[in-house]
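Chains as they are written, first to last, in my numbering: chain D, 18 to 374; chain X, 574 to 830.
All C-beta atoms, glycine included, are put in the ideal place defined by N, C-alpha and C.
Take a look at the structure:
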């Protein structure tokens, strides 16, 4: 016997949960979120969790991200404390070439309403005294911030459950079939049947797509992060390679490796990361590192989000993207508008999976 | 129906208030929000427009950053925004503010004026009623329910220990209390539209006001952060001993009986 739902969301990370929560605001019944493990055990739980806007390019993508950042304040009021901090973002630079690029970027982003101040050394150090005096200057933008990813996913889940969403953990999907207008989703434990199906399983979305004969071109890109012991308040902003959590730990890293599905930390990248940390914030040379971790970014082939309907298979939707933390509330909102049959508030054609055909 | 909403940008309710070395409130690193009571006012204005048609104009006084508060109001559904920004307005009091805000609507048509019952930063709650007085129109403070008819309104007002129901003629000023409505969150579509809506910046000269005639009648002597609360006392021992000690302390220290 199969269990029936209206909508099944496969993948309970930041994207799947964002969709589940926003959908549950308008459709209270019949939503199931399936996770092969437990939410936060994968990409969503291994991130610095920046809400990062100002250096995204091209400008239309930065503007898209900005709308999501603006939604965060309201999201926190709705689902509870997620340690959302509109800290502002700082990208230090060390060369004249970078400074010129910064001015160009500031001009472009201003056109879409994103404020970037290109600061000289003195002003940058006045704003963020922890920075190295060896910087030439920095870009500062009030648009950026960060959030606690653990709290975010937990609060999404709590609010969703209150709205009637069901969750199934440790239950990997082994087969998907379309039969007479319904999807039959076979899992390790049960068989489910649903009208609408959403594939939002991060790096695993490609595998799920194969079960239905579609290609979702995403690959894992490893990022390694090191964490210091909790330190006294050292930096106020989200820096372009690190941030300090409200508990005091500093998370550093911006490495990108094509390492397949491999979440080990490696000594060479850890050394590189530590050196870079000290280059940006010299005081970190004295900090004790307590551990490192790796996360697998969900990287679409052209790096831009893939989300929307899947043409050719009615009622099948996909959402697989990088920058899930930044974009979660917006993707959740737009997918909900799409699934419930309305028009999306922002045109989403450019994000369609059809662009890879 | 032409609706005016006065709003103010205030510190985030979670901001830590600190006084700097000059005895001024330190706004460094503080996030700003729309004064929470003004959110009820905006919502009521937008609902009224949705019911009767017309337009909502939000007006605020403040520096450049106050534009964010106006954009939020526009994203919630207001149609036009006016920012009164003038260096002469750095030191104001409720009298100055009310006179400037009165002048701001002098050339505008209005049927209803909303504002929050007070701003959470200075908590004066004076501006709405002062404007009503200036305009010679009725005002009802602390409104928790407003029913607008064509030429009049029936308003439920929160008063000490209960509510009062009043009928007033329009135009009138209403100040919004918590409970008046449940303010909406701006939608993504609302945010996008807000970018293209009219946001007018004007100075005192544009309003035909002379700064010499707008000298504050009140000056702030000093700001101080309230003293930290003293730690409580923890009673030790068995329940019986703790109760005996508690009774003793209530008698001798609290002098409760």
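- Query: Got a sec: is the Cβ-Cβ distance from residue 399(D) to anything in chain X below 8 Å?
  - Reply: Any question about residue 399(D) goes unanswered here, given that chain D covers just 18 to 374.
- Can you check DSSP and say which residues form a bridge with residue 713(X)? As a first step, residue 713(X) must be located in the second chain, where it is residue number 140. Looking at the DSSP assignment, residue 713(X) forms a beta bridge with 747(X).
- Item | Bridge partner(s) assigned by DSSP for residue 337(D) | Along the first chain, read from residue 1 onward, the residue named residue 337(D) stands at position 320. For residue 337(D), which the question treats as bridged, DSSP gives the partners 323(D).
- Message: Check for me: the alpha helix (DSSP H) holding residue 625(X) runs from which residue to which?
- Response: Locating residue 625(X) in the second chain gives position 52, counting from the first residue. Residues 609-625.
- Item | Assumed close pair residue 704(X), residue 675(X) - CB separation to whole angstroms, cut-off 8 Å | In the second chain, the residue the question calls residue 704(X) occupies position 131. In the second chain, the residue the question calls residue 675(X) occupies position 102. The Cβ separation is near 5 Å, so the contact holds.
- Message: Beta-carbon within less than 6 Å of residue 220(D)'s beta-carbon, same chain only, minus the 5 sequence neighbours each way: which residues are those?
- Response: For this step, residue 220(D) is matched to residue 203 along the first chain. Within the same chain, residue 220(D) has close Cβ partners 237, 313, 315.
- Message: Is there a Cβ of chain D sitting closer than 8 Å to that of residue 758(X), yes or no?
- Response: On the second chain, residue 758(X) is found 185 positions in, with the first residue counted as 1. Residue 758(X) counts as touching chain D.
- Just how far apart, CA to CA, sit residue 246(D) and residue 673(X)? Against the first chain, residue 246(D) aligns to sequence position 229. Against the second chain, residue 673(X) aligns to sequence position 100. Cα-Cα distance, rounded: 53 Å.
- Query: Are the beta-carbon atoms of residue 713(X) and residue 730(X) separated by less than 8 Å?
  - Reply: The sequence position of residue 713(X) within the second chain is 140, counting from 1. The sequence position of residue 730(X) within the second chain is 157, counting from 1. Against a cut-off of 8 Å, the Cβ pair of residue 730(X) and residue 713(X) comes out as a contact.
- Message: Strictly below 7 Å CB to CB, what residues from chain X border residue 103(D)?
- Response: Here residue 103(D) refers to the residue found at position 86 when the first chain is read from its first residue. Simply 604.
- Given that a residue counts as buried once 16 or more other Cβ atoms are within 10 Å of its Cβ, and exposed if not, what is residue 791(X)? For the purposes of this step, residue 791(X) is taken as residue 218 along the second chain, with counting starting at 1. Looking at its Cβ environment, which holds fewer than 16 other Cβ atoms inside 10 Å, residue 791(X) is exposed.
- Measure from the alpha carbon of residue 55(D) to the alpha carbon of each residue in 171(D), 118(D), 276(D), then state which is nearest. Here residue 55(D) is taken as the residue at index 38 of the first chain, counted from 1. Minimum Cα distance to residue 55(D) is reached at 171(D).
- Item | Nearest candidate by alpha-carbon position, reference residue 203(D), set 109(D), 225(D), 182(D) | The residue labelled residue 203(D) in the question sits at position 186 within the first chain. Considering only alpha carbons, the answer is 225(D).
- When we look at the beta-carbon of residue 808(X) and count the other beta-carbons within 10 Å, is it buried (16 or more) or exposed? For the purposes of this step, residue 808(X) is taken as the residue at position 235 of the second chain. Residue 808(X) is exposed by the Cβ-count criterion.
- Task: Could you check the C-alpha separation between residue 310(D) and residue 279(D) for me, to the nearest Å?
- Result: Locating residue 310(D) in the first chain gives position 293, where the first residue counts as 1. Locating residue 279(D) in the first chain gives position 262, where the first residue counts as 1. When rounded, the distance between both Cα atoms is 11 Å.
- So which residues on chain D does residue 761(X) lean against when the C-beta distance must stay under 8 Å? As a first step, residue 761(X) is located in the second chain; it is residue number 188 there, counting from the start. Residues of chain D passing the Cβ test: 84, 88, 347, 350, 351, 362, 363.
- Message: At the 8 Å Cβ level, is residue 359(D) part of the contact set with chain X, yes or no?
- Response: One-based indexing of the first chain puts residue 359(D) at position 342. For residue 359(D), the answer is no, since every Cβ of chain X falls outside 8 Å of its Cβ.
- Task: For residue 303(D), decide whether its Cβ has a neighbour in chain X, counting only Cβ atoms nearer than 8 Å.
- Result: Counting from one through the first chain, the residue named residue 303(D) turns up at place 286. Chain X contact via Cβ: absent.
- Item | Per-residue burial, residue 375(D) [other beta carbons within 10 Å of its own, 16 or more giving buried] | Lying before the first or after the last residue shown, residue 375(D) is absent from chain D, which here runs from 18 to 374.
- Task: Measure the CB-CB distance between residue 750(X) and residue 717(X) and report whether it falls below 8 Å.
- Result: Here the question's residue 750(X) lines up with position 177 in the second chain. Here the question's residue 717(X) lines up with position 144 in the second chain. Yes; because the gap between Cβ atoms is below 8 Å, this pair is in contact.
- Message: Contact criterion: CB-CB distance below 8 Å. Does residue 91(D) meet it with respect to chain X?
- Response: As a first step, residue 91(D) must be located in the first chain, where it is residue number 74. So yes, residue 91(D) belongs to the interface.
- Coil, strand or helix - residue 252(D) by DSSP: Numbered from 1 along the first chain, position 235 holds the residue referred to as residue 252(D). Here residue 252(D) sits in coil by DSSP.
- Task: Find out if the Cβ-Cβ distance for the pair residue 38(D), residue 329(D) is shorter than 8 Å.
- Result: Residue mapping note: residue 38(D) aligns to position 21 of the first chain, counting from 1. Residue mapping note: residue 329(D) aligns to position 312 of the first chain, counting from 1. Against a cut-off of 8 Å, the Cβ pair of residue 329(D) and residue 38(D) comes out as no contact.
- Can you list, in chain order, the stretches of the beta strand (DSSP E) that have 3 or more residues and sit fully within the segment 47-124 of chain D? 48-51, 106-110
- Query: Can you round the beta-carbon distance between residue 109(D) and residue 68(D) to whole angstroms, since I take them to be within the 8 Å contact cut?
  - Reply: The residue given as residue 109(D) occupies position 92 in the first chain. The residue given as residue 68(D) occupies position 51 in the first chain. Actually they are not in contact, since the Cβ atoms of residue 109(D) and residue 68(D) sit about 19 Å apart, beyond 8 Å.
- Do the segment 356-368 of chain D and the segment 51-66 of chain D meet, that is, are 3 or more Cβ pairs less than 8 Å apart? no
- Task: Output the boundary residues of the alpha helix (DSSP H) element that contains residue 41(D).
- Result: In the first chain, the residue the question calls residue 41(D) occupies position 24. Here the alpha helix (DSSP H) through residue 41(D) covers 31-43.
- Message: Quick check on DSSP: helix, strand or coil for residue 299(D)?
- Response: For this step, residue 299(D) is matched to residue 282 along the first chain. Correct three-state label for residue 299(D): helix.
- Message: Can you check which of these residues, 353(D), 232(D), 150(D), 284(D), is closest to residue 296(D) by C-alpha distance?
- Response: Here residue 296(D) refers to the residue found at position 279 of the first chain. Residue 150(D) is the option with its Cα nearest to residue 296(D).
- Message: Just to confirm the assignment: which complete alpha helix (DSSP H) runs, minimum length 4, are found wholly within the segment 144-212 of chain D?
- Response: 166-179
- Query: Along chain X, in chain order, which residues have C-beta atoms closer than 7 Å to that of residue 130(D)?
  - Reply: Counting from one through the first chain, the residue named residue 130(D) turns up at place 113. Here the neighbours are 768.
- Message: I'd like to know if residue 574(X) contacts chain D, where contact means its C-beta is closer than 8 Å to some C-beta of that chain.
- Response: Position 1 of the second chain, counted from the first residue, corresponds to residue 574(X). No, no contact with chain D.
- Item | Among 347(D), 305(D), 168(D), 251(D), the one whose alpha carbon lies nearest that of residue 142(D) | Taking the first residue of the first chain as 1, we reach residue 142(D) at position 125. Of the listed residues, the one whose Cα sits closest to residue 142(D) is 251(D).
- Task: Look up residue 237(D) in the DSSP assignment and say whether it is helix, strand or coil.
- Result: Start at 1 with the first residue of the first chain, and residue 237(D) comes out as number 220. Reduced to three states, the DSSP call for residue 237(D) is strand.
- For residue 765(X), the nearest candidate out of 649(X), 689(X), 785(X), 658(X) (CA to CA): Counting from 1 along the second chain, the entry for residue 765(X) is found at position 192. It is 649(X) whose Cα lies nearest to the Cα of residue 765(X).
- Message: On the CB-based measure, 16 or more other CB atoms within 10 Å of its CB, does residue 258(D) come out buried or exposed?
- Response: Position 241 of the first chain holds residue 258(D). Classification of residue 258(D): buried, given that the 10 Å Cβ count is 16 or more.
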